[in-house]
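Contents: one structure, followed by commentary.
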Amino acid sequence: SEIVSSLVAQFLYNLKDAVLGVQLDLEELAKLQGTVQRERLKRLLTAEKVKIENEIKQLSAAVTPPSGEINQHVKPKTPTTTITSYAWDQSDKFVKIYVTNLKGIQNLSQNNVSLTDGGLHYCLVIRNFNGTNYLFNVPRLANETEAPTFKLKTDMVLIMFKKKTQEKWEFLTEKDKMAKANKENQFKPSLGKEEDPSAGIMGMMKKMYDEGDDEMKRTIAKAWTESRDKQM
């Protein structure tokens, strides 16, 4: 009947959303593998990758009917586009992400849009909008939030995260926050309990010398020589 067909179609839509979300998890996991150095973490990520790949196979098998049951009148596959650009803003209580350049999205049925939790991130899925499916992989946020909500606005989708702590965020994403921390640590001298400040400064100067260009090396070498001559 028409009701059964509708239910089956909705079920398959949900499965396809799950497959897309898990595939995005796999892509992000592959990026993490490229940054990890410790063997134990490498083994953990490899095991998780195998687990996710098996999950994708199971979900894909559920979505794809047996060859003998394929309907000859199956509709052509809807193309999928991944959205990578967005804007963001914040208030005292909320972080807002704007997925723009979706002309007429406010007229699309709310049932065609979902925001799924993929474990490592959220994924915005827009189905059959002007004949195309759209995916937006929400970046991992810099701080903790409540579960997000979304609204269809004029020519855009608004995703809202409620902050767990009411404070101004310097960065939206965890990636940008970590990049700044790593940059600051790179130039911070490591002082042990027995080290004096001059040892840390010398270590920083040595790092600048090792990593600097020829002009930088000449400048530092000259400063070292002049400092040593004054002490003699």
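Position one of the sequence shown corresponds to residue 1 (the UniProt record's numbering), numbered consecutively onward. Where is the CB? At the ideal position from N, CA and C, for every residue including glycine.
With contacts defined as CB atoms closer than 8 Å, Glu144 and Lys164 qualify as a contacting pair. By the C-beta density criterion, Val157 is buried, having at least 16 other C-beta atoms within 10 angstroms. In the DSSP assignment, the residues bridged to Trp88 are Ile97. Counting of Cβ neighbours within 10 angstroms places Asp25 among the buried residues, the total reaching 16 or more.
Between the C-alpha atoms of Lys222 and Lys206 there is a straight-line separation of about 13 Å.
Contact annotation: Thr78 and Gly118 have beta-carbon atoms that are not nearer than 8 Å.
For the options Arg127, Lys162, Glu27, the alpha carbon positioned closest to that of Ser91 is the one of Lys162. By the Cβ criterion, the segment 36 to 51 is not in contact with the segment 88 to 104, since fewer than three pairs of Cβ atoms, one from each stretch, lie closer than 8 Å.
In the structure shown, Leu41 falls within a helical segment according to DSSP collapsed to helix, strand and coil.
Inclusion of Val99 and Trp169 in the CB contact set at 8 Å is not warranted, their separation being larger than that value. Judged by DSSP in its simplified three-state form, Thr154 adopts coil rather than helix or strand.
By the beta-carbon neighbour count (other beta carbons within 10 angstroms, threshold 16), Val138 is buried.
Between Cys123 and Lys217, the alpha-carbon positions lie close to 48 Å from each other. As the crow flies, the alpha-carbon of Thr154 is around 16 Å from that of Met160. The beta carbon of Gln166 sits closer than 8 Å to the beta carbons of Asp92, Lys93 from its chain, once the five residues preceding and following it are set aside; these are given in chain order. In the DSSP assignment, Ser114 is bridged to Val125. Around the beta carbon of Asn54, a 10 Å sphere encloses fewer than 16 other beta carbons of the protein chains shown; the residue is thus reported as exposed. For a cut-off of 8 Å, the C-beta gap from Leu135 to Thr219 is around 50 Å, too long to register as a contact. Secondary structure of Thr173 (DSSP, three-state): strand. For Asn128 against Thr80, the beta-carbon gap comes to about 11 Å, at or over 8 Å, which does not count as contact. In terms of Cβ geometry, Leu172 and Ala142 form a close pair [threshold 8 Å]. Excluding residues up to 5 positions away in sequence, Ile105, Gln106 lie with their Cβ nearer than 6 Å to the Cβ of Leu152 in the same chain.
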